[in-house]
Structure formats: structure tokens, C-alpha cells
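Note sheet for the following structure.
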Amino acid sequence: MSTQATAVAHPNIALVKYWGKRDLALNLPATSSLSVTLDQFLTRTTVTWGVDQDEVVLDGAQAQGAVAQRVLDFLDLVASDRPPCRVISGSNFPVAAGLASSSSAFAALALAASAAAGRALEPAALSVLARRGSGSACRSLWGGFVHWTRGERSDGLDSHGHPIQIPEPWGLRVVVAVVHAGPKAVGSTQGMVRTRATSPVFPVFVAENEGLVLQAKQAVLARDFDALVGCMERSTTLMHASMLTAVPSVRYLKPGSLAVLDAVDDLRARGVACGWTMDAGPNVKVLCRAADAAEVERSLNGLVRAVNVLGLGGPARLVEAP
Ligand code: 2P0
């Protein structure tokens with residue numbers, strides 16, 4: 330007999346960054362991080378537990394090789410004695426959006442697979458499971474602002490997301506400036522391993538980032554936009570400095586990325602409050618208040634390939650349960 334569950338999850342963007350693993354096998358981070366979950370864009374995943382043979386379909390095509398294996402290995406974490414399973418997953422956002430899709434993908438997969446397996450998990454345990462698939466996924470279980478604590482335990486059970494409760498919604502926007510839509514030059518895991526092993530700046534990033542997470546959390550609770558942007562840009566700068574000083578250098582930024590940073594400086598000079606962040610790729614995400622989003626979008630249109638304006642999204646959720 331088979332059982333089936335479907336879940337949806339939104340991607341998230343780190344305001345204070347996760348970069349570097351203290352345990353590769355368990356996907357444990359070197360530092361804590363803090364993110365916002367986005368609206369509009371989502372991944373929808375159906376897991377059928379107990380079919381004739383394993384099958385993974387991603388965005389309408391049969392997944393093969395390492396891509397399929399990563400999904401199947403994840404199902405083994407849900408139950409090592411599992412039956413063959415079918416996973417059908419698709420995302421509604423374009424690859425060109427420049428958003429990390431693994432965050433929503435493994436959050437939706439963790440939720441759908443555990444439900445299909447009849448193993449209802451508490452949110453923290455679900456976040457630990459999602460983290461094993463992809464670090465950033467542990468933050469996508471919740472909407473709004475999320476704090477992923479690094480944790481101290483060697484088994485990683487205290488390394489998961491925590492929602493940051495705020496009394497009422499904060500009307501912020503993330504304006505995604507797509508500078509370049511190609512595949513990334515160096516995968517995140519490889520980039521993290523190399524940075525941690527070879528960059529003299531990496532310990533500086535780690536030492537400062539933990540404090541930046543706490544400051545950013547206070548800024549969210551106090552609705553202090555300028556303080557939040559300060560933490561975001563500092564963490565981003567230290568992360569990219571550590572990447573650039575790795576051997577060989579891990580270089581994700583392009584000239585067009587820096588052009589967006591100059592455009593943000595111009596906006597600020599005109600009195601528009603906004604700030605930037607970049608991840609493991611050249612695209613720039615600009616954080617601003619909802620009232621300023623159209624102005625930010627106008628300033629970036631024409632400068633980059635595409636601009637997406639996103640709000641803050643909700644938690645991952647089951648839309649079909651056995
Ligand atoms: C983040 N990034 O905090 C950081 C900032 C990119 C730069 O999480 O190896 O796909 O699967 O744990 O989560 C991208 O890395 O990496 C990421 P794995 P993941 O959002």
C-alpha cells in the first residue's frame with residue numbers, strides 16, 4: 330500500500346550569512362545565520378511512499394545521476410528501511426531569478442517525505458532533517474525572519490531554524506537584480522570547503538558573523554531598518570572577502586554586481602533607504618521598504634537582465650496528507 334503527501338515551501342535569502350561547515354557529513358554550519366523567507370516563489374513536492382521503484386521527477390523531467398541520488402539519499406534519512414518512493418517536484422520561479430532553489434526544495438521534500446512516511450515531526454526536528462539535505466533549507470520551514478542557530482552538539486540536533494516572532498508584519502521587499510543567469514562557477518559546498526580550508530579571512534568572518542546575527546535579530550525586533558541593513562552588508566562583505574581570499578579564489582561576483590552596488594549608493598544619496606546582499610552567485614538582492622520598491626526597481630531596470638520584486642512569505646506547509 331502506498332501513501333502520498335504534498336508540501337509547498339518558499340525559498341529564503343540570508344541577511345546574515347551561512348558559509349562554511351563545521352561538519353560536512355551532517356551539514357553543520359560554522360556560524361549561525363538569519364534569513365527572510367520570500368513570497369510568490371515556491372517549490373511544490375509530492376512524495377509517494379511505497380511504489381514499484383524509486384523515481385525522481387524535477388521540473389517535469391526524470392532526474393538522473395547525482396541529482397536523483399541526492400534526493401534518494403535524503404529519503405534514506407527519513408527511513409533507512411524505506412520502500413521505493415516517487416518524488417515529483419517543481420518550482421514556479423525561473424532559474425534566471427537568481428534565487429537559491431535548494432532552500433525551498435529540501436524544505437518541501439522534508440515535509441512531504443516525513444508525512445508520506447507517517448513520521449510526523451516537530452518543527453525543530455523537521456528543520457534538522459531539512460538541514461541534512463541543504464543547509465539553507467532548514468530556514469525555509471518558517472515564514473518571515475528566521476534564525477538558524479549554529480548549535481554546539483556534535484550530532485547537530487541543536488542546529489536548526491527558529492522563527493523570529495514580531496508583533497505585526499514588517500512591510501519589506503527584496504528586489505532581486507539578475508545580473509547573470511548561468512550556472513554558478515563553483516558549487517556552494519565546494520566553495521565552502523575551499524574557503525574554510527584556505528582563506529585567512531574566513532576566521533574573521535566566523536568571529537564577526539555570530540555577533541551580527543544577534544544584532545540583526547535585535548534590529549528585526551526593534552524594526553530598525555538601518556541597523557538591519559548594516560548587519561546584512563557587513564556579513565555579505567566578510568563572506569565574499571573570505572571567498573575571494575580562498576586558494577584558488579572563489580569568485581561569484583561580476584562587474585554587473587558591483588554596478589548594482591553603485592546604483593544602491595545613488596539611491597541612498599537620494600534618500601531612499603535600501604541595502605544589498607549577494608550569495609553564491611553574481612545576482613544582487615536589494616532590501617527596502619515596500620513604499621520604496623517601485624523606485625528601487627526603476628533604478629535597476631535597464632542596468633541588469635531582469636528585476637523581481639518579492640515580499641516576505643509564509644511557512645512551508647502540507648497541502649495533501651495521507
Ligand atoms: C546562505 N548560501 O546563508 C548562504 C549564503 C549561499 C551564500 O546557503 O551545501 O545550498 O546545500 O548546505 O544551503 C547556499 O548554500 O548549501 C547558501 P549546502 P546551500 O543562504
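The numbering of the sequence shown is my numbering, which starts it at 330 and goes up by one. Cβ atoms here follow ideal geometry from the backbone N, Cα and C, with glycine treated the same way. Nothing here was measured: the structure is a model prediction, and the numbers come from that model.
Residues near residue i by beta carbon distance below 7 Å, same chain, minus five either side
i	result
ALA575	ARG523, THR524, THR527, SER528
PRO340	LEU367, PHE370, LEU428, ALA429, SER430, SER432, SER433, SER469
GLY520	MET572, VAL579, ALA609
LEU541	VAL345, CYS560, ARG563, SER564
VAL586	Reading the sequence as shown, one finds Ser at residue 586 and not Val. Taken in chain order, the residues that qualify are VAL508, MET607, PRO611, VAL613.
LEU632	ALA588, VAL589, ALA592
ALA650	ALA334, ALA444
ARG653	The requested residue 653 does not occur in the structure, where the chain is confined to residues 330 to 651.
8 Å CB neighbourhood of residue i in its chain, flanking five on each side removed
i	result
ALA408	ALA446, ARG448
ASN630	VAL636
Secondary structure of residue i, DSSP reduced to three states
i	result
HIS476	strand
MET330	coil
GLN391	strand
ASN356	coil
GLU539	helix
PRO492	strand
GLY464	helix
SER362	strand
ARG448	coil
ALA453	helix
Endpoints, beta strand (DSSP E) assigned at residue i
i	result
LEU344	341-345
SER418	414-420
GLY604	603-607
ALA506	501-507
GLU497	Element bounds for GLU497: n/a, residue is neither H nor E.
ARG646	646-649
Element boundaries [alpha helix (DSSP H), containing residue i]
i	result
ASP410	Element bounds for ASP410: n/a, residue is neither H nor E.
LYS583	Premise fails: LYS583 is in no alpha helix (DSSP H) and is neither H nor E.
GLY559	554-573
LEU616	Taken as a continuous stretch (DSSP letters only), LEU616 belongs to no alpha helix (DSSP H), being part of the beta strand (DSSP E) at 613-618.
ALA635	That residue, ALA635, is in no alpha helix (DSSP H); its beta strand (DSSP E) goes 635-639.
VAL625	622-629
Neighbourhood of residue i by C-beta distance below 6 Å, restricted to the same chain and skipping five residues each side
i	result
ARG415	THR377, VAL380, GLU384
GLY604	VAL558, MET561, GLU562, LEU616
VAL530	ALA570, SER571, THR574
THR478	SER361
ARG460	ASN356, CYS467
Segment contact, 8 Å Cβ cut-off, at least three pairs: the segment 621-641 with the segment 499-512 = Contact annotation: the segment 621-641 touches the segment 499-512, with at least three C-beta pairs closer than 8 Å.
If we count Cβ pairs, one from each stretch, closer than 8 Å, do we get three or more for the segment 554-566 versus the segment 508-519?
-> With the cut-off at 8 Å, the segment 554-566 and the segment 508-519 do not touch.
Touch test, the segment 437-444 against the segment 396-406, Cβ-Cβ under 8 Å, three pairs minimum | yes
Closer than 6 Å to ligand 1: residues, by C-beta to nearest heavy atom, in chain order | ALA343, LYS346, TYR347, TRP348, ASN356, SER362, ALA429, SER431, SER463, GLY464, SER465, SER517, THR518, ASP608, ALA609
With contact counted as at least three CB pairs below 8 Å, one residue from each stretch, are the segment 416-423 and the segment 448-463 in contact?
-> Contact fails: fewer than three Cβ-Cβ distances are below 8 Å.
Taking one C-beta from the segment 350-369 and one from the segment 473-492 each time, how about it: are there three or more such pairs within less than 8 Å?
-> yes
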